[in-house]
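Heads up, the thing below is written out as structure tokens.
Number of protein chains: 2
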Amino acid sequence: MNKSELKVISVLERVGGFASAQQLHQLLLRSGESIGLTSVYRALQSLSDDKIVDQLRKEDGEAIYRLCGESHHHHLVCKSCGSTVEIEGSALEKWAKAMAQEHGYREVGHLAEIFGICPKC
Amino acid sequence: MNKSELKVISVLERVGGFASAQQLHQLLLRSGESIGLTSVYRALQSLSDDKIVDQLRKEDGEAIYRLCGESHHHHLVCKSCGSTVEIEGSALEKWAKAMAQEHGYREVGHLAEIFGICPKC
DNA sequence: CTTGAAAATGAAAATCATTTTCATTTCTGC
DNA sequence: GCAGAAATGAAAATGATTTTCATTTTCAAG
Numbered sequence: 001m002n003k004s005e006l007k008v009i010s011v012l013e014r015v016g017g018f019a020s021a022q023q024l025h026q027l028l029l030r031s032g033e034s035i036g037l038t039s040v041y042r043a044l045q046s047l048s049d050d051k052i053v054d055q056l057r058k059e060d061g062e063a064i065y066r067l068c069g070e071s072h073h074h075h076l077v078c079k080s081c082g083s084t085v086e087i088e089g090s091a092l093e094k095w096a097k098a099m100a101q102e103h104g105y106r107e108v109g110h111l112a113e114i115f116g117i118c119p120k121c
Numbered sequence: 001m002n003k004s005e006l007k008v009i010s011v012l013e014r015v016g017g018f019a020s021a022q023q024l025h026q027l028l029l030r031s032g033e034s035i036g037l038t039s040v041y042r043a044l045q046s047l048s049d050d051k052i053v054d055q056l057r058k059e060d061g062e063a064i065y066r067l068c069g070e071s072h073h074h075h076l077v078c079k080s081c082g083s084t085v086e087i088e089g090s091a092l093e094k095w096a097k098a099m100a101q102e103h104g105y106r107e108v109g110h111l112a113e114i115f116g117i118c119p120k121c
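Residue numbers (the numbering used here), protein chains in the order written: chain A, 1 to 121; chain B, 1 to 121.
Right, dumping it as structure tokens:
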């Protein structure tokens, strides 16, 4: 576990959810760390190999990462103004777990977001 | 529905499963069709917008496409081999609707995928 | 059958996340 | 301190996808 990996883990802890390599790099720079984008990619790759972070893909193909096993929440995002509300997802968790079990999948995670137009817009 | 889209649909029918844009382009050329890679991408984009093909991502970020199965559904994706299972999401729909209503959101849509490791891997 | 505007087409250039290269710096154990 | 190994990051390379733009095709109206 080298310096870059420690830095990346710490910023992932701060973020608490999914983020892309480029976002994480920006966050690290903004918080005063000195680290190259290359090292962020290398750290994420290595952490992913070691099952310390989950990696998946957004619809546009960009990779996003988060700490494994982190308890997480979901977002309700306004399509118009972009404001977000954190929402509770136990029903969703149950659904995901049931579906995965039904098909024999292990090490299960999920990604879910709800979009709509908020009351103000 | 233009010529390119028809050609792409026909090759997708022939393939019967997922294939990348580049693979589809090669297959079309090999079977004697004259079509540019650009047009393959454009056709896939348009067919995807029209919900005629499903688009998703391999682990390496490359997009793969196939003719849509029937109704609105979600995917259970294997992080290791990329195989997917279409799953039923009525529990998810209910959750999304309830959460949106609770916060006064309108015109609601959602995005959800479950990922894990399939029984074979 | 013309004509002209709109749609379609594709080659080449641009984009952009990610990976690779490679020269330099930092650790390590001795 | 010192040699070799590991880590680092800037810059170049890669590769899928998108955009640009000039050309071709389609097709309805005259």
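Every residue, glycine too, gets a C-beta built ideally from N, C-alpha and C.
- Counting of Cβ neighbours within 10 angstroms places residue 116 (chain B) among the buried residues, the total reaching 16 or more.
- With a minimum length of 3 residues, the unbroken runs of beta strand (DSSP E) contained wholly in the region 41–86 of chain A fall at 53–57, 63–67 and 74–78.
- It is roughly 8 Å from the alpha-carbon of residue 24 (chain A) to the alpha-carbon of residue 12 (chain A).
- Of the candidates B:112, B:79, B:95 and B:100, B:112 places its Cα closest to the Cα of residue 87 (chain B).
- For the C-beta of residue 103 (chain A), the chain B residues within less than 7 Å are, from N- to C-terminus, 76 and 85.
- Contact check between the region 57–66 of chain A and the region 53–64 of chain B: three or more CB pairs, one atom from each, fall below 8 Å, which counts as touching.
- Residue contact with chain A for residue 110 (chain B): present (Cβ-Cβ distance below 9 Å to some residue of chain A).
- Within chain B, the residues 103, 104, 105 and 106 have their CB atoms less than 9 Å from the CB of residue 118 (chain A), given in chain order.
- Among the CB atoms of chain B, one or more fall inside 9 Å of the CB of residue 57 (chain A).
- Look at residue 117 (chain A) here: in three-state DSSP terms it is strand.
- For the C-beta of residue 92 (chain A), the chain B residues within less than 7 Å are, from N- to C-terminus, 92 and 95.
- The region 38–47 of chain A makes no contact with the region 34–42 of chain B; the number of CB pairs closer than 8 Å stays below 3.
- Taken atom to atom, the span from the alpha-carbon of residue 74 (chain B) to that of residue 2 (chain A) is near 38 Å.
- Any Cβ of chain B closer than 9 Å to the Cβ of residue 100 (chain A) would place that residue at the interface, and such an atom is present.
- By alpha-carbon distance to residue 94 (chain A), the top candidate from A:121, A:108 and A:84 is A:108.
- Under the DSSP assignment, residue 10 (chain A) falls in the alpha helix (DSSP H) whose first and last residues are 3–15.
- When the five nearest sequence neighbours on each side are left out, the beta carbons in the same chain lying within less than 6 Å of the beta carbon of residue 118 (chain B) are those of 78 and 83, in order along the chain.
- The bridge partners DSSP lists for residue 106 (chain B) are A:117.
- At a beta-carbon threshold of 8 Å, the residues of chain B lying near residue 63 (chain A) are 61, ordered along the chain.
- Straight through space, the alpha carbons of residue 35 (chain A) and residue 4 (chain A) are spaced by roughly 7 Å.
- Here the alpha carbon of residue 85 (chain B) sits roughly 14 Å from the alpha carbon of residue 67 (chain B).
- Taking 9 Å as the threshold, the shortest C-beta distance from residue 89 (chain B) to chain A falls below it.
- For residue 20 (chain B), the three-state secondary structure derived from DSSP is strand.
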